[in-house]
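According to this note's numbering, the residues represented by the sequence shown are 20 to 262, in order.
This report concerns only the one structure given below.
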Amino acid sequence: MPFRRHAIADDLRSQILTGRIEAGARLPSEAQLAARYAVSTPTLRSALALLQGEGLVEKFHGSGNFVRHPRLRITYVGGGRASAVQLATDRALRVSVRATQLRAQAHLTALLNVSPGSPLTEFLCLSREGKSAHSLTRIYVPRDLAPADLSAASSDTEDIAAKLAALRPPLAEVQETVGAGLPTAEDAAALRISTSLAVLSIRRVATDTAGRVVEVALLLLPGDRADAHFTTRHTTEERGSNA
20 MPFRRHAIAD DLRSQILTGR IEAGARLPSE AQLAARYAVS TPTLRSALAL LQGEGLVEKF
80 HGSGNFVRHP RLRITYVGGG RASAVQLATD RALRVSVRAT QLRAQAHLTA LLNVSPGSPL
140 TEFLCLSREG KSAHSLTRIY VPRDLAPADL SAASSDTEDI AAKLAALRPP LAEVQETVGA
200 GLPTAEDAAA LRISTSLAVL SIRRVATDTA GRVVEVALLL LPGDRADAHF TTRHTTEERG
260 SNA
């Protein structure tokens, strides 16, 4: 019943956005809501799925459906040459970094332009707003450009960013590719979001002056809390040539 699920979602959305149902409040049980709206449980769940996809409602198995607190919105500013560790950090967020040694396989060989099995270091950055996961970033660098003492580096984001910058050759180019889609089940679980909530994905590939890929970052930002901002500045000569 597509019409009924949208009508139910509209009614609950209105109550949430107007504050009649407060942030953090637990919604009535699915059985109670189904009875209230005189629909089947599958139709009710379909309506709730719409709200979950919008980031308004969060379901905890065994506990029920809760109205989510508004998430802090962050803006990803494109075109920069800063470390992706720094880009994954916001002052209002707490970021944990886990470093792992691995070998290049599948898509990583193409992204970093290396042979299969080449040694890499992955930095998994998970930002949190309070206890809630906010964004996820995976950073890959050739092993020789990673800090030797990973246990110390992974405890502080500013420290690891400084060490990566010190080991990295001067950059010649940073390519950024922005896309939107649905998260994988693994990413949705890490971010504690619904698999129906759209995410903003950003891929940064940094190349040095010798043409070597020295850093690849894969950022995943849930669409209910992130914006991407890009600015293009035109020189006086460019403006004159267009006159």
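Cβ coordinates follow ideal geometry from the N, Cα and C atoms, glycine included.
- The C-alpha of Asp30 lies about 47 Å from the C-alpha of His253.
- For Leu216, the three-state secondary structure derived from DSSP is coil.
- In the same chain as Val96, and ignoring 5 residues on each side of it, the C-beta atoms closer than 6 Å to its own belong to His248, in chain order.
- In the assembly as shown, Leu183 is a buried residue. Its beta-carbon has 16 or more other beta-carbons within 10 Å.
- For Phe249, the secondary structure class from DSSP, reduced to helix, strand or coil, is coil.
- Nearest C-alpha to Leu130 among Asp178, Thr196 and Glu73: Thr196.
- Here Arg64 is not near Arg113, since their CB atoms are 7 Å or more apart.
- Using a 10 angstroms sphere on the CB of His80, the tally of other CB atoms stays under 16, which defines it as exposed.
- Distances from the alpha-carbon of Tyr159 to those of Arg244, Gln124 and Ile93 put Gln124 closest.
- DSSP places Glu41 in no alpha helix (DSSP H); its state is neither H nor E.
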